[in-house]
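See below for the structure under consideration.
2 protein chains.
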Amino acid sequence: MTQNNRSLTLRDVSEASGVSEMTVSRVLRNRGDVSATTREKVLSAAKELGYVPNKIAGALASQRVNLVAVIIPSLSNMVFPEVLAGVSQVLEDTELQPVVGVTDYLPEKEEKVLYEMLSWRPSGVIIAGLEHTEAARAMMNASGIPVVEIMDADGEAVDAMVGISHRRAGRVMAASILEAGYKKIAFLGTKMPLDHRARKRFEGFTETLAKSGIEVAEREFYSGGSALAKGREMTQAVLERSPDIDFIYYSNDMIGAGGLLYLMEKGIDVPGQIGLAGFNGVELLQGLPRRLATMDACRREIGVKAAEIIAASVNDNVTEKSVTLTPKISFGDTLLRK
Amino acid sequence: MTQNNRSLTLRDVSEASGVSEMTVSRVLRNRGDVSATTREKVLSAAKELGYVPNKIAGALASQRVNLVAVIIPSLSNMVFPEVLAGVSQVLEDTELQPVVGVTDYLPEKEEKVLYEMLSWRPSGVIIAGLEHTEAARAMMNASGIPVVEIMDADGEAVDAMVGISHRRAGRVMAASILEAGYKKIAFLGTKMPLDHRARKRFEGFTETLAKSGIEVAEREFYSGGSALAKGREMTQAVLERSPDIDFIYYSNDMIGAGGLLYLMEKGIDVPGQIGLAGFNGVELLQGLPRRLATMDACRREIGVKAAEIIAASVNDNVTEKSVTLTPKISFGDTLLRK
DNA sequence: CTCTGAGATGTTCGCGCTAGCATCACAAAC
DNA sequence: GTTTGTGATGCTAGCGCGAACATCTCAGAG
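The structure is reproduced here in structure tokens:
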């Protein structure tokens, strides 16, 4: 418990307890046979000294690192923390531990973060998206480490993948909107060419509209700032340009909520005059004056499945290499049902 | 770029490029003098092979680990991601890298996470709060690693600290409320005895009210669920019990926003009939129909300062060991100004 | 033509720990 | 008494890399 300048080692504990380093190591790892008295002696000496094992040396010697790299674009929206929660929940029952890296939706940063993570030789990698730089893909391949690409199911995985089809999500939402009779449809989203999942939703969306001979009447994109406030502003801007819009599809729930608040303040009939829908199914929506129509992205479940795949690989168990979840639409109070 | 069963080492690169391992090491770390031609040769060989250095071995050999452990209670509310953003921003200009651990507000889990983190021998520790288990405190002391305790300034730090006084924050808010003439005051918060900062705010709050002979008229606590929805429910419950409440102080902005939405729907005059205030100054508030009164917790700045202290310690620079930031109240549209 | 020095490259050793085996003590079986 | 077995403990040899030092090479000075 005293402060020391250089860190304690197994040797310090072994000297303090009068047994070999090996025995101390065994006690601290609960490995092999150690007599109860020795165990006690060692544990009390370790505690006395305030010894914390050096995992760096341990990992090098044993060639095992109980870390799982989780690489995601952002922590600041609600979506990835929930994926993380799913991952943590599963890993907590194993020896594995998640370590998070954030890419800010930048491919080069993703590559850098991946490199950094791989240099610690983790037991597995969980990484968002199917789009990566050539180099990133090569690293994952060459690493020999199990990799699970998550969130998206529209594309080819390096190793394993767990996600939903965003293209399909866009199509399903478009179909529901058309079915409800809306005709003049606006799309509001983020100005992020690198958010491939939002892009795919939009593609699926317009594709289905096109089949009914409908085009998106208005679109608007934002970047930065408070999503709720941006949802307001964009909704206002779009309605000023095209007052006859009868539906607005938002690329995420947060801006959808902003739009909803704006329309309600203006006394506009939702969903009679204008229908609304978002995407993600965030918990926040429960507290809104009206429940926004949305589509659950199965975030927690994706985290759970991905972690299970990694955990299985570590134990040499074979598992599904590709899991596609099906998000369910929830109509809430802002999208008429047929 | 081909997949291999066991991981590549410096030796593989050295053989591929015809120079010694040491030279490869120097090239990859940009350390020491290496001729341009050799450098090229090595880099192309490394790239060809898809070699990723093993930081575990590197860290063991050099006794340096460029990681900073950041230990926080939660990722799911808006507050800690913003602290993290501040930390990352500063560390990005250094060789250091943040690694996040989450404690869920549980002291035992904090202790476990800390132990785990320290076993990787990071260059620094940034940890939320001043309250820790005896063992946790002992570990931090014994580690010889720079430690910055953040968010709170009401207490004793193990090593360094950066935060605000939550007691003072509660007092200042109480004073402003009294000054505006409110008398019948309710407090709504979280059911978390272990959230010491919320507790301290509440203590400061009641202390100042008491000096004016006022007691909190109603209180209500929640746990779990959507904060926005809980804010609604609790506000409704409290007003049903005591319809003459004229002010509600929420322990965070999210439940405050829920309350605000509820009151507006009910057509209640805010802040005429009932005033409201939250805590944190989250960005979300900008999109609300009215700006909620709140107090900025200086989250980003705390992250920045803490990271700066760690960065300075790593370079053996001396710095301030205790930084107390002063949050500013913002009256928004829900708290009358004198 | 030799010497000098600085840049370029190589060698040795050990970081703290664990796998894999060797060894030891002691009790029960013969 | 000797053997055998079993649980407890110790020893040795690296894991892959980098610090520190040793060595080599070659241009320019003398």
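Protein chains in written order, with the working numbering: chain A, -16 to 321; chain B, -16 to 321. Built from N, CA and C at the ideal position, the CB exists for glycine as well.
Original post:
Measuring CA to CA, which of A:Tyr232, A:Ser45 and A:Arg320 is closest to Gly164 of chain A?
Top reply: Here residue 164 of chain A corresponds to residue number 181 of the first sequence, with the count starting at 1. It is A:Arg320 whose Cα lies nearest to the Cα of Gly164 of chain A.
Original post:
Arg282 of chain A: buried (16+ other C-beta within 10 angstroms of its C-beta) or exposed?
Top reply: Sequence index remark: in the first sequence, residue 282 of chain A carries index 299 (1-based). Result: buried.
Original post:
Using the beta-carbon count (16 or more within 10 Å), is Asp229 of chain A buried or exposed?
Top reply: Along the first sequence, one-based indexing puts residue 229 of chain A at 246. Classification for Asp229 of chain A: buried.
Original post:
By how many angstroms is the C-alpha of Gly33 of chain A removed from the C-alpha of Met122 of chain B?
Top reply: Within the second sequence, numbered from 1, the residue matching residue 122 of chain B stands at position 139. Within the first sequence, numbered from 1, the residue matching residue 33 of chain A stands at position 50. Each residue's alpha carbon lies about 6 Å from the other.
**OP:** Flag this pair as touching only if the segment 97 to 109 of chain B and the segment 292 to 299 of chain B have three or more C-beta atom pairs under 8 Å; answer yes or no.
**Re:** yes
Subject >> Positions along the segment 17 to 38 of chain A whose CB lies within less than 9 Å of some CB in chain B >> reply: Lys30, Leu32, Gly33, Tyr34, Val35, Pro36, Asn37 and Lys38
Original post:
Nearest CA to the CA of Val53 of chain A: which residue from A:Ala42, A:Gln219, A:Leu74 and A:Gly41?
Top reply: Taking the first sequence and counting its residues from 1, the one referred to as residue 53 of chain A is at position 70. If we check each option's Cα against that of Val53 of chain A, A:Leu74 comes out closest.
**OP:** Confirm the yes/no value for this check: CB of Ala294 of chain B, any heavy atom of the ligand MG, distance under 7 Å.
**Re:** Absence of the ligand MG is noted for the structure shown, with no ligands found whatsoever.
**OP:** Could you tell me whether any Cβ in chain B is nearer than 8 Å to the Cβ of Tyr88 of chain A?
**Re:** Walking along the first sequence from the start, residue 88 of chain A turns up at place 105. Taking Cβ atoms only, chain B never reaches closer than 8 Å to Tyr88 of chain A, which makes this a no.
Subject >> Distance between Asn300 of chain B and Glu78 of chain A (C-alpha atoms, nearest Å) >> reply: Locating residue 78 of chain A in the first sequence gives position 95, where the first residue counts as 1. Locating residue 300 of chain B in the second sequence gives position 317, where the first residue counts as 1. Straight-line Cα distance between these residues: approximately 38 Å.
Original post:
How about Glu248 of chain B: is its C-beta nearer than 8 Å to some C-beta of chain A?
Top reply: Numbered from 1 along the second sequence, position 265 holds the residue referred to as residue 248 of chain B. At least one chain A Cβ lies under 8 Å of Glu248 of chain B.
**OP:** Quick one: give me the first and last residue of the alpha helix (DSSP H) that Gly286 of chain B is part of.
**Re:** For this step, residue 286 of chain B is matched to residue 303 along the second sequence. Per DSSP, Gly286 of chain B belongs to the alpha helix (DSSP H) from Arg282 to Val297.
Original post:
When you compare only the Cα positions, how much space is there between Thr274 of chain B and Met144 of chain A?
Top reply: Along the second sequence, one-based indexing puts residue 274 of chain B at 291. Along the first sequence, one-based indexing puts residue 144 of chain A at 161. Inspection of the sequence shows that residue 274 of chain B is occupied by Arg rather than by Thr. Taking the straight line joining both Cα atoms gives about 43 Å.
Subject >> Minimum Cβ-Cβ distance from Leu104 of chain A to chain B less than 8 Å >> reply: Counting from 1 along the first sequence, the entry for residue 104 of chain A is found at position 121. In the sequence under discussion, the amino acid at residue 104 of chain A is Arg, which differs from the Leu named in the question. For Arg104 of chain A, the answer is yes, since a Cβ of chain B falls inside 8 Å of its Cβ.
**OP:** Could you list which residues in chain B have their beta carbon closer than 7 Å to that of Arg215 of chain A, in chain order?
**Re:** Position 232 of the first sequence holds residue 215 of chain A. Those within 7 Å of Arg215 of chain A in chain B are Gly270.
Subject >> Pair within 8 Å by beta-carbon distance, Ala260 of chain B and Gly241 of chain B >> reply: To locate residue 260 of chain B, count along the second sequence from 1; it is residue 277. To locate residue 241 of chain B, count along the second sequence from 1; it is residue 258. For Ala260 of chain B and Gly241 of chain B, no; Cβs fall outside 8 Å.
Subject >> Same chain, Cβ closer than 6 Å to Ile177 of chain B, five either side skipped, listed in chain order >> reply: Locating residue 177 of chain B in the second sequence gives position 194, where the first residue counts as 1. The sequence given here places Leu at residue 177 of chain B; Ile does not occur at that position. Cβ within range, chain order: Tyr88.
Original post:
Which class does Gly146 of chain A belong to by DSSP, given the choice of helix, strand or coil?
Top reply: Within the first sequence, numbered from 1, the residue matching residue 146 of chain A stands at position 163. Residue state, collapsed to three classes: strand.
**OP:** Measure the beta-carbon distance from Ile231 of chain B to Leu171 of chain B and round it to whole angstroms, keeping in mind my assumption that it falls under 8 Å.
**Re:** To locate residue 231 of chain B, count along the second sequence from 1; it is residue 248. To locate residue 171 of chain B, count along the second sequence from 1; it is residue 188. Correct: roughly 6 Å between the Cβ atoms.
Original post:
Taking the Cβ atom as the reference point for each residue, do Leu(-9) of chain B and Leu43 of chain A lie within a distance shorter than 8 Å?
Top reply: For the purposes of this step, residue -9 of chain B is identified with residue 8 of the second sequence, where counting begins at 1. For the purposes of this step, residue 43 of chain A is identified with residue 60 of the first sequence, where counting begins at 1. No; because the gap between Cβ atoms is not below 8 Å, this pair is not in contact.
**OP:** With distances taken Cα to Cα, identify the nearest neighbour of Gly1 of chain A among A:Gln256, A:Val130 and A:Thr20.
**Re:** What you label residue 1 of chain A is simply residue 18 of the first sequence in a count that begins at 1. For the residues A:Gln256, A:Val130 and A:Thr20, the minimum Cα distance to Gly1 of chain A belongs to A:Thr20.
Original post:
If you draw a straight line from the C-alpha of Leu3 of chain B to the C-alpha of Ser59 of chain B, how long is it?
Top reply: Taking the first residue of the second sequence as 1, we reach residue 3 of chain B at position 20. Taking the first residue of the second sequence as 1, we reach residue 59 of chain B at position 76. Per the sequence shown, residue 3 of chain B should be read as Ser rather than Leu. Using only the alpha carbons, I get a separation of about 49 Å.
Original post:
Where do the ends of the beta strand (DSSP E) carrying Thr173 of chain B lie?
Top reply: Stepping through the second sequence from its first residue, residue 173 of chain B is reached at position 190. Thr173 of chain B -> beta strand (DSSP E) spans Ile168 to Thr173.
Subject >> Best match in A:Glu99, A:Leu67 and A:Val253 for proximity to Val85 of chain B [C-alpha to C-alpha] >> reply: On the second sequence, residue 85 of chain B is found 102 positions in, with the first residue counted as 1. That would be A:Leu67, whose Cα lies nearest to the Cα of Val85 of chain B.
Subject >> Assigned secondary structure, Gly84 of chain A (DSSP; H/G/I helix, E/B strand, else coil) >> reply: On the first sequence, residue 84 of chain A is found 101 positions in, with the first residue counted as 1. Of the three classes helix, strand and coil, the one that applies to Gly84 of chain A here is strand, per DSSP.
Subject >> Within-8 Å CB hit, Ala295 of chain A to chain B >> reply: Here residue 295 of chain A corresponds to residue number 312 of the first sequence, with the count starting at 1. False, the Cβ-Cβ gap to chain B never drops below 8 Å.
Original post:
beta strand (DSSP E) containing Glu201 of chain B: first to last residue?
Top reply: The residue given as residue 201 of chain B occupies position 218 in the second sequence. Note, Glu201 of chain B: beta strand (DSSP E), Glu201 to Tyr205.
Original post:
Do Val265 of chain B and Thr317 of chain B have their C-beta atoms within less than 8 Å of each other?
Top reply: By 1-based counting over the second sequence, the position of residue 265 of chain B is 282. By 1-based counting over the second sequence, the position of residue 317 of chain B is 334. Contact: no.
Subject >> Any 3 or more C-beta pairs closer than 8 Å across the segment 204 to 221 of chain B and the segment 155 to 163 of chain B >> reply: no
Original post:
So with Cβ pairs under 8 Å, would you call Val131 of chain A a contact of chain B?
Top reply: Residue mapping note: residue 131 of chain A aligns to position 148 of the first sequence, counting from 1. With 8 Å as the cut-off, Val131 of chain A does not count as an interface residue toward chain B.
Original post:
Which class does Phe314 of chain B belong to by DSSP, given the choice of helix, strand or coil?
Top reply: By 1-based counting over the second sequence, the position of residue 314 of chain B is 331. In this structure, Phe314 of chain B counts as coil in the three-state DSSP scheme.
Original post:
Leaving out five residues before and five after Glu99 of chain B in sequence, what residues of the same chain have Cβ atoms less than 8 Å from its Cβ?
Top reply: As a first step, residue 99 of chain B must be located in the second sequence, where it is residue number 116. Excluding positions up to five away in sequence, the list reads Gly84.
Subject >> Near-chain B residues of the segment 64 to 86 of chain A (beta-carbon distance less than 8 Å), N- to C-terminal order >> reply: Pro64, Glu65, Leu67, Ala68, Ser71, Gln80, Val82, Val83 and Val85
Original post:
Among A:Arg120, A:Gly146, A:Leu308 and A:Gly69, which has the Cα closest to the Cα of Glu94 of chain A?
Top reply: For this step, residue 94 of chain A is matched to residue 111 along the first sequence. Checked all of A:Arg120, A:Gly146, A:Leu308 and A:Gly69; the closest Cα to Glu94 of chain A is A:Arg120.
Original post:
Counting contacts by CB-CB distance shorter than 8 Å, is Ala(-1) of chain B in contact with chain A?
Top reply: Residue mapping note: residue -1 of chain B aligns to position 16 of the second sequence, counting from 1. It does not; no Cβ of chain A falls within 8 Å.
Subject >> Per-residue contacts from Gly241 of chain B into chain A (C-beta, under 8 Å) >> reply: As a working mapping, residue 241 of chain B is identified with position 258 in the second sequence. Correct list: Gly270.
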